[in-house]
Amino acid sequence: MAWQGKILSVDLSAGTVATEPLNMEWAHDFLGERGLGTKYLIENMDPAADALSPENALVFATGPLTGTMASTSGRYAVITKGPLTDAIACSNSGGKFGAELKFAGYDLLLIKGRASEPVYLLIEDGEVQILSAGDIWGTTVWHTEEWLKSHHQNPSIKVASIGVAGERGVRYAAIVNDLHRAAGRSGVGAVMGSKNLKAIAVRGTRGVTVKDPKRFMAEVASTNRLLAENKGRAGLTKYGTNAMMDVMQEFGGLPTRNFKEVQFEGYDKVDAKAMHRVGRDGHRNLITNKACFGCTIACGRIAHIHKDHFTIINRKEYWHASGGLEYETAFAFGPVVGVDDIDACTFAGYMMNEHGMDPISFGVTLAAAMELFELGLITSEETDGIELRFGNAEALTVMAEKTGKYEGFGEVLALGAKRLCEKYGRPELAMVVKSQEFAGYDSRAMPGMGLGYATSNRGACHLKHDTFAEDMADQSASGKAVPCKESQDRTALVDSTGLCLFTTSSWGMEEFSQLLDAACEGEWTVDRVLVVGERVWNLERQFNLAAGLSAADDTLPPRMLSDPVPSGVAAGRVNELDKMLPEYYDARGWTDSGEPTSETLSRLGLGTV
Amino acid sequence: MNVSIKLTGRLRDYAGDGQSNETVPIDVADGATVADVIALLGIPAEDVAVCSVNGRAVPATMRSSQPLCAGDQLTLMPPIQGG
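So the protein sequences, as listed, match chains A and B.
For the first sequence, numbering that gives the first Met the number 0 gives the first residue as 0, with consecutive numbering after it.
For the second sequence, numbering that gives the first Met the number 0 gives the first residue as 0, with consecutive numbering after it.
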């Protein structure tokens, strides 16, 4: 019940597919999506393998609640070893693809090996074919999705695919589904490209059954009501996540010009209000909001660019409405590169979706390149004549397109911030943890965020813990370690259900446990689901340790540890990671060197990796 | 006395038009505290995660005791979540 009970195992080297029973023991221990996908990954590859080699595996995993009536049930996750980080990658996406995969009868896709020629996977209600991608290799995500629907004469097909960025190994290439939803982080698209797998096209018409339908519907009604009445949810619906920009601006946590500053003078030209503002010729950037499958929040943005803007003059293919700015894209194309041109930012977002790239990593990598340029370490001869200075909107949009197409200086930006800064001899200028770029929150103003970045298993990430309340209440290092650990475990649980993290504006573990208990076989108490979350977190840690990472990787760049934050409510502070990390390890039941003790592994029912 | 208020994020809705980002001047009683002004605006206390006066954070425990001065700028920030 809730699980379909089947996985699809694909060996691209052999060109074979096989439907296999879902390992229900693992499902009961790791639930689904992020947790279950990690278990399948670990059991099917050596964590020490090269991320871009055929030995890496690529898992697309739904959760038990994916495709059900529960709100936000469109989620799926891609789990693999990330080529950006050489650590576990678990990249989560919405849209409609995940639910469609479940409706086709599969909980999970396990993809191994490498095809000898470019291929795509066609899944139609349990009928699976590996087909030649010769006609679409080298084309964009947007073209690929259109081509597949047309070629198979079925507009209901849902597609997850990569662009040239994934094909050519851009270290932060994404897998994009439904045109503008993405499994964005850690380079999962480059892994797909390394396997010569261009796309997965899926059509499913089966339903999802649950253990107690009557009770489940009651739980759905109850939890939907909580979302409907919640002010945080209402804010997400009306303004989208970009409502956070002016909050971060006033707080002094808005990373600006490669994190040299934390407040951006042009923030009000790229924030949620700017998206709503009617400007020249009656043009308004925001057209409407959009929901993923089954979602009653609808935080997504649909926007368009003024037709006179330099990015799209005589380029009618970009005159249509498409995915608009969210907080992280607005931060990554705005403050962190010093750009205050909302149309340029929107165009850069189009490039990420069309070519399949992670906007956070691209923006922070470009910010590092801009700092290197202004220091004279990168010259305009290398950048195809583009002045790579902070605030140059043309530099942003041209480099976004060049990187997506893997052309010119885009090939250098494709390295990601860490490898780029190492290339120019200034590794300390890369704003990364475990080689993954920071999101739009400064670790000095928000110490719990810094601890979360430092300890995130997939490298710097703002979505693997939740210490926003603690950071806003108090900007000292005190009292951050335990909330960080506990929220990491809760987040790991939510990411394993098939539902969206944004439901946590209204729901706690009680609501998740009730939904799971009504849908899934067995008994799903709050205590049990919390243990699942902690188990998933520790399993990811075990993967990383086996991959060669250590406590030395649980750190922050020198700028965060030594350079006082220049303004805002936390002015003068640095991140005191050294005070938080020992307390965090202790709360986790790990040794001083950041390894789970045998008692911790035993308590969680984990073996060795 | 006159103080100015800046509402951020979804708290903008309490300013009426939901889109205003500018600092809005209001008259309050002499000696009004931060908590008094939040109540005057009709904002539930729990909807304010951080408030600052002239850019300096006011701890939640001080909201009811810290008086404002004429010309102060009070900025109110709602709880947020990553995204």
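Built from N, CA and C at the ideal position, the CB exists for glycine as well.
This structure is a prediction, so every number in the text was calculated from the model and none was measured.
Name, please, each residue of chain B whose Cβ falls closer than 9 Å to the Cβ of residue i.
i	result
A:Asp465	Gln80, Gly81
A:Gly231	Arg9, Pro77, Pro78, Ile79, Gln80
A:Gly571	What A:Gly571 touches in chain B: nothing, since even the nearest Cβ is about 11 Å away.
A:Gly265	The premise fails here: A:Gly265 is roughly 13 Å from chain B at the closest Cβ pair, so nothing lies under 9 Å.
A:Gly362	In chain order: nothing, as chain B lies at least about 15 Å away.
A:Gly281	Those within 9 Å of A:Gly281 in chain B number zero; the least Cβ separation is about 16 Å.
A:Gly507	What A:Gly507 touches in chain B: nothing, since even the nearest Cβ is about 13 Å away.
Around the C-beta of residue i, are 16 or more other C-beta atoms found within 10 angstroms, so that it is buried, or is it exposed?
i	result
A:Met23	exposed
A:Trp318	exposed
A:Gln128	exposed
A:Asp488	buried
A:Ser90	buried
A:Ala76	buried
A:Gly162	buried
A:Lys433	buried
A:Asn241	buried
A:Gln152	exposed
A:Val277	exposed
A:Lys213	exposed
A:Gly14	exposed
A:Glu316	exposed
A:Thr79	buried
A:Ser601	exposed
With a cut-off of 8 Å on the beta carbons, I'd call residue i and residue j a contact; round off their distance for me.
i	j	result
A:Glu116	A:Ala517	In fact, because the Cβ distance is near 46 Å, the residues do not count as touching under 8 Å.
B:Val163	B:Cys68	Past the boundaries of the shown model lies residue 163 of chain B; chain B is included only from 0 to 82, so the question cannot be answered.
A:Leu11	A:Ala114	4 Å
A:Thr454	A:Tyr583	6 Å
B:Val27	B:Leu10	17 Å between Cβ atoms; not a contact.
A:Ala98	A:Ala159	Their Cβ separation, rounded to whole angstroms, is 12 Å, which puts A:Ala98 and A:Ala159 out of contact at 8 Å.
B:Thr32	B:Arg62	7 Å
A:Arg534	A:Leu603	5 Å
A:Asn176	A:Gly94	5 Å
A:Gly203	A:Ala103	3 Å
A:Asn288	A:Leu178	Wrong, their Cβ atoms sit about 16 Å apart, outside the cutoff.
Closest to residue i by C-alpha separation, out of the options, would be which residue?
i	options	result
A:Cys294	A:Thr67, A:Cys89, A:Cys519	A:Thr67
A:Lys272	A:Lys306, A:Lys237, A:Cys298, A:Leu450	A:Lys237
A:Ile301	A:Ala472, A:Arg314, A:Gly348	A:Gly348
A:Ala60	A:Ser495, A:Lys95, A:Glu370, A:Cys499	A:Ser495
A:Ala47	A:Val201, A:Phe542, A:Cys89, A:Val58	A:Phe542
A:His305	A:Tyr583, A:Gly299, A:Leu178, A:Arg314	A:Arg314
A:Val335	A:Glu393, A:Ile286, A:Arg256, A:Val269	A:Arg256
A:Gly497	A:Ser92, A:Tyr39, A:Lys5	A:Ser92
A:Thr466	A:Arg457, A:Gly390, A:Tyr452, A:Asn456	A:Tyr452
A:Glu393	A:Asp270, A:Asp339, A:Asp526	A:Asp339
A:Leu500	A:Gly133, A:Asp49, A:Thr71, A:Ser8	A:Thr71
A:Lys157	A:Thr143, A:Ala164, A:Val169	A:Thr143
A:Asn456	A:Val16, A:Gln3, A:Arg33	A:Arg33
A:Ala343	A:Asp357, A:Met356, A:Thr328	A:Thr328
A:Met210	A:Glu380, A:Cys519, A:Leu538, A:Gly547	Looking at the sequence itself, residue 210 of chain A is Lys, so the reference to Met does not match. Ranking A:Glu380, A:Cys519, A:Leu538, A:Gly547 by Cα distance to A:Lys210 puts A:Cys519 first.
A:Gly62	A:Ile6, A:Gly183, A:Met445	A:Ile6
A:Leu428	A:Leu107, A:Ser505, A:Lys194, A:Phe258	A:Phe258
A:Val528	A:Arg232, A:Gly31, A:Gly192, A:Asp552	A:Gly31
At a CB-CB cut-off below 7 Å, which residues of chain B make contact with residue i?
i	result
A:Ala242	Gly8, Arg9
A:Gly94	Here the premise fails: no neighbours, minimum Cβ distance about 16 Å.
A:Tyr238	Arg9
A:Gly97	Going along chain B, no residue has its Cβ under 7 Å from A:Gly97, so there is no contact; the nearest lies around 19 Å.
Taking C-beta pairs closer than 7 Å, name the residues in chain A that residue i reaches, listed in chain order.
i	result
B:Pro24	Those do not exist, as B:Pro24 stays about 17 Å from chain A at its closest Cβ, beyond 7 Å.
Listing by chain order, which chain A residues have their CB less than 8 Å from the CB of residue i?
i	result
B:Asp46	Lys230
Whose Cβ in chain A lies nearer than 9 Å to the Cβ of residue i?
i	result
B:Val49	Val246, Glu249, Phe250, Met471, Ala472, Val568
B:Thr32	The contacting residues do not exist; B:Thr32 stays about 18 Å from chain A at best.
Hey, would you say the C-beta of residue i is under 6 Å away from at least one heavy atom of the ligand COA?
i	result
A:Gln487	No copy of the ligand COA appears in this structure; indeed no ligand is present at all.
Does any C-beta atom of chain D lie closer than 7 Å to the C-beta of residue i?
i	result
A:Gly447	Of the protein chains in the structure, A and B, none is chain D.
**OP:** Pull out every residue of the region 449-474 of chain A whose Cβ sits closer than 8 Å to any Cβ of chain B, in chain order.
**Re:** His461, Leu462, Asp465, Phe467, Ala468, Met471, Ala472, Asp473, Gln474
Subject >> Residues, ordered as in the chain, of the region 477-505 of chain A that lie near chain B by beta-carbon distance below 9 Å >> reply: Leu500, Phe501, Thr503, Ser504
**OP:** Residues of the region 57-72 of chain B with a CB closer than 8 Å to any CB of chain A: list them in chain order, please.
**Re:** For the region 57-72 of chain B, residues whose beta-carbon sits nearer than 8 Å to a beta-carbon of chain A comprise Pro58, Ala59.
**OP:** Using a Cβ-Cβ cut-off of less than 8 Å, give me the residues of the region 322-343 of chain A that come near chain B, in sequence order.
**Re:** Glu325, Tyr326, Glu327
**OP:** Closer than 8 Å, Cβ to Cβ, to anything on chain B: give me those residues from the region 368-399 of chain A, in chain order.
**Re:** none
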